[in-house]
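If you read the sequence shown in the numbering used here, its first letter stands for residue 173, the second for the next number, and so on. Glycine included, every Cβ here is placed at the ideal spot set by N, Cα and C. Source: prediction; values computed, not measured. Here the structure is laid out as structure tokens; the discussion comes afterwards.
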Amino acid sequence: MTKIALSEQVKKLPASATLAMAAKARELKSLGKNIISLSLGEPDFDTPDFIKEAAKNAISENYSSYPPVDGYADLKESICRKFKRDNLLDYAPNQIVVSTGAKQSIANIFMALLNPGDEVLSPAPFWVSYEAIASLVNAKFVSIPSSFDTDFKISPEQLEAAITPKTKLLVLNSPNNPSGSVYSKEEYYALAEVLKKYPDIFILSDEIYEHILYPNASLISFAAIPEMFDRTITVNGVAKAFAMTGWRIGYMGAPEWIAKACTKIQGQITSGANSIAQRATLAALDASPQKIHYMVEEFQKRKDLIVSEISKIEGFKVNNPQGAFYIFPDISYFFGKTIQNTLIKNADDFAMFLLEKAHIATVSGAAFGNPNCLRISYAASVEEIKTAIERIKNALSE
Ligand code: GLU
Numbered sequence: 173m174t175k176i177a178l179s180e181q182v183k184k185l186p187a188s189a190t191l192a193m194a195a196k197a198r199e200l201k202s203l204g205k206n207i208i209s210l211s212l213g214e215p216d217f218d219t220p221d222f223i224k225e226a227a228k229n230a231i232s233e234n235y236s237s238y239p240p241v242d243g244y245a246d247l248k249e250s251i252c253r254k255f256k257r258d259n260l261l262d263y264a265p266n267q268i269v270v271s272t273g274a275k276q277s278i279a280n281i282f283m284a285l286l287n288p289g290d291e292v293l294s295p296a297p298f299w300v301s302y303e304a305i306a307s308l309v310n311a312k313f314v315s316i317p318s319s320f321d322t323d324f325k326i327s328p329e330q331l332e333a334a335i336t337p338k339t340k341l342l343v344l345n346s347p348n349n350p351s352g353s354v355y356s357k358e359e360y361y362a363l364a365e366v367l368k369k370y371p372d373i374f375i376l377s378d379e380i381y382e383h384i385l386y387p388n389a390s391l392i393s394f395a396a397i398p399e400m401f402d403r404t405i406t407v408n409g410v411a412k413a414f415a416m417t418g419w420r421i422g423y424m425g426a427p428e429w430i431a432k433a434c435t436k437i438q439g440q441i442t443s444g445a446n447s448i449a450q451r452a453t454l455a456a457l458d459a460s461p462q463k464i465h466y467m468v469e470e471f472q473k474r475k476d477l478i479v480s481e482i483s484k485i486e487g488f489k490v491n492n493p494q495g496a497f498y499i500f501p502d503i504s505y506f507f508g509k510t511i512q513n514t515l516i517k518n519a520d521d522f523a524m525f526l527l528e529k530a531h532i533a534t535v536s537g538a539a540f541g542n543p544n545c546l547r548i549s550y551a552a553s554v555e556e557i558k559t560a561i562e563r564i565k566n567a568l569s570e
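Here it is as structure tokens:
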């Protein structure tokens, strides 16, 4: 057998915890187990018909050759209009790069900006791949802890205390995956005040959940804060808002020199994003956000249901998220307890217990930088959510 000779970076790279749990749930389902999958952050709606039509037309119209590396010109113009309409941001087409999912946009930015040893700061809980991609480029990922008591948000003082001369990039994500927390305008302005003192730090604002926002929550794009535009890269995509996870289209608005660098990277790695999916994205972004509001209304019903039901279970401490489709209960109450002959030492054990004894797939908070919590995605039907709650109650009461 050939010697296993993986690179050091890949050896230390963890598999994506969200995708790993989804794969495990799929595997158990294929073995005939009745698993309810609340692990993956993926809308359970179909892509709207008007978007699918645009893709079918693109096939008929022979959009089959290599697209421009940074995206079709008319799509980039549409993204500029979207940024203006939804985010009050004035990007020009040469500041836009279309990629294979927001995840690739993030990877491009990390590769473009970070040298080995540079520090990437991000409030915890954070989305699993920020840390992993930082490690791929040999940057140091530094998380700033938060907890249930602060609605999983950090203070300006915490941000300032975490900054070092090596800090190069701050990654913000609101609405947040996994907590669903949303920073208010005032909270973001207060973080920006700190950053004004450190002009060499760039900000990556991951706004992929912007449209999944519940009443009374207000959202602001970080780049819209005075003095932040020239140092912020705004990342977004169509996966979550338009139920287009599999189409793999993300995009960024960035200072032109960063956009150019990301285009260069992408030109060597993917040659650009899928042509048909780009045409579909054009239709999605040109539509009024009202057109997809039915999904947000449905998510809100589910959120209200799951928050109210799960908080009745002893040991689950849950906040009331203002966006995205996750809850992130603190389940540390169960640590050290033995239930159904299983000792629960930590959140990983708890997630495994729920999978094995209740057939519910969730993701341990440890992967998101908070080992006291569990991420539950409620992108599932009301029926599934009700059944899941019953199963969790039963498994815990045995
Ligand atoms: N972003 C989604 C999640 O957190 C999809 C999976 C992934 O890319 O991590 O579940």
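Integer Cβ distance of residue i from residue j, believed to fall under 8 Å
| i | j | result |
| --- | --- | --- |
| A452 | I223 | 5 Å |
| V407 | D378 | 5 Å |
| I375 | F394 | 6 Å |
| F506 | I499 | With 8 Å as the limit, F506 and I499 do not qualify as a contact, their Cβ atoms being about 16 Å apart. |
| F497 | G273 | About 18 Å; that fails the 8 Å criterion. |
| A445 | C434 | Not a contact, Cβ separation roughly 12 Å. |
| C252 | P265 | 6 Å |
| T295 | F540 | Note on identity: in this sequence residue 295 is Pro, with Thr being the wrong assignment. The pair is not a contact, with the Cβ atoms about 11 Å apart (cut-off 8 Å). |
| L247 | Q450 | 5 Å |
| V300 | A189 | 5 Å |
| N349 | F324 | N349 to F324, Cβ: 11 Å. No contact. |
| Y423 | G204 | Y423 to G204, Cβ: 41 Å. No contact. |
Closest residue to residue i among the options (Cα-Cα distance)
| i | options | result |
| --- | --- | --- |
| Q330 | L203, A362 and N234 | A362 |
| G487 | G508, I176 and N287 | G508 |
| Q438 | I485, K205, P543 and Y238 | Y238 |
| F282 | G243, F320, Y302 and E562 | Y302 |
| E365 | E332, P220 and I384 | E332 |
| G309 | F320, N280, T322 and S318 | Checking the sequence shown, residue 309 turns out to be Val, not Gly. Per the Cα distances, N280. |
| K558 | P543, F540, N542 and A530 | A530 |
| Q181 | P337, K312 and N542 | K312 |
| L344 | S319, K338 and I405 | I405 |
| S351 | V468, N492 and I564 | N492 |
| E358 | V300, D321, P398 and D458 | P398 |
| S271 | L286, W419 and L285 | W419 |
| Q512 | N542, M416, N566 and E470 | N566 |
| K201 | K340, L527, Y355 and A189 | L527 |
| N388 | A197, A245, K175 and Q494 | Q494 |
| V490 | I326, S319, K412 and D458 | S319 |
| T339 | D290, K325 and N348 | D290 |
| L454 | K196, A396, K175 and A226 | A226 |
| V468 | N206, P215, A192 and A177 | P215 |
| F217 | N542, I482 and Y466 | Y466 |
| Y381 | F471, L293 and V292 | F471 |
| N259 | H383, N234, I278 and T442 | H383 |
| L342 | K368, G422, S356 and A187 | K368 |
Own chain, CB closer than 8 Å to residue i, minus 5 neighbours either side, in chain order
| i | result |
| --- | --- |
| V554 | K473, R474 and L477 |
| N229 | R451 |
| I485 | I561, I564, K565 and L568 |
| W429 | none |
| I370 | Correcting the residue type first, residue 370 is Tyr in the shown sequence and not Ile. Closer than 8 Å at Cβ, skipping near neighbours: I335 and T339. |
| L385 | P347, V354, L391, V468, Q494 and G495 |
| P288 | V309, N310 and A311 |
Residues near residue i in its chain [Cβ-Cβ closer than 7 Å; skip 5 each side]
| i | result |
| --- | --- |
| I231 | I448 |
| A523 | T534, V535, S536 and L546 |
| F414 | T219, P220, I223, A456 and I464 |
| D520 | S536 and A538 |
| L185 | A304, S307 and L308 |
| E116 | Missing from the structure shown is residue 116; the chain here goes from 173 to 570 and no further. |
| R563 | A530, H531 and I532 |
| D372 | none |
| A284 | I430, A433, C434 and I437 |
Nonlocal neighbours in the same chain, by C-beta distance under 6 Å from residue i, ignoring five residues either side
| i | result |
| --- | --- |
| A431 | Q267 and V269 |
| E199 | none |
| F255 | L261, Y263 and G425 |
| T514 | F525 |
| S504 | N544 |
| I548 | L210, I499 and T534 |
beta-carbon residue i near the ligand ATP non-hydrogen atom, thresh 8 Å
| i | result |
| --- | --- |
| P371 | No copy of the ligand ATP occurs in the structure displayed; its ligands are the ligand GLU alone. |
Segments assigned alpha helix (DSSP H), at least 4 residues, entirely inside the segment 466 to 501:
none
Kindly provide the ranges of any beta strand (DSSP E) runs that are 3 or more residues long and lie completely inside the segment 345 to 386, ordered along the chain.
374 to 378
Unbroken alpha helix (DSSP H) runs of length 4 or more, entirely within the segment 182 to 245: which are they?
189 to 202 and 221 to 232
Quick one: which unbroken alpha helix (DSSP H) runs of 4-plus residues sit fully inside the segment 249 to 303? Chain order, please.
274 to 285
What are the start and end residues of each continuous alpha helix (DSSP H) run of 4 or more residues lying completely inside the segment 429 to 459, in chain order?
447 to 458
Ignoring anything shorter than 3 residues, give me the beta strand (DSSP E) runs that lie fully in the segment 531 to 560, in order along the chain.
546 to 549
In chain order, which beta strand (DSSP E) runs of at least 3 residues are fully inside the segment 386 to 423?
404 to 409
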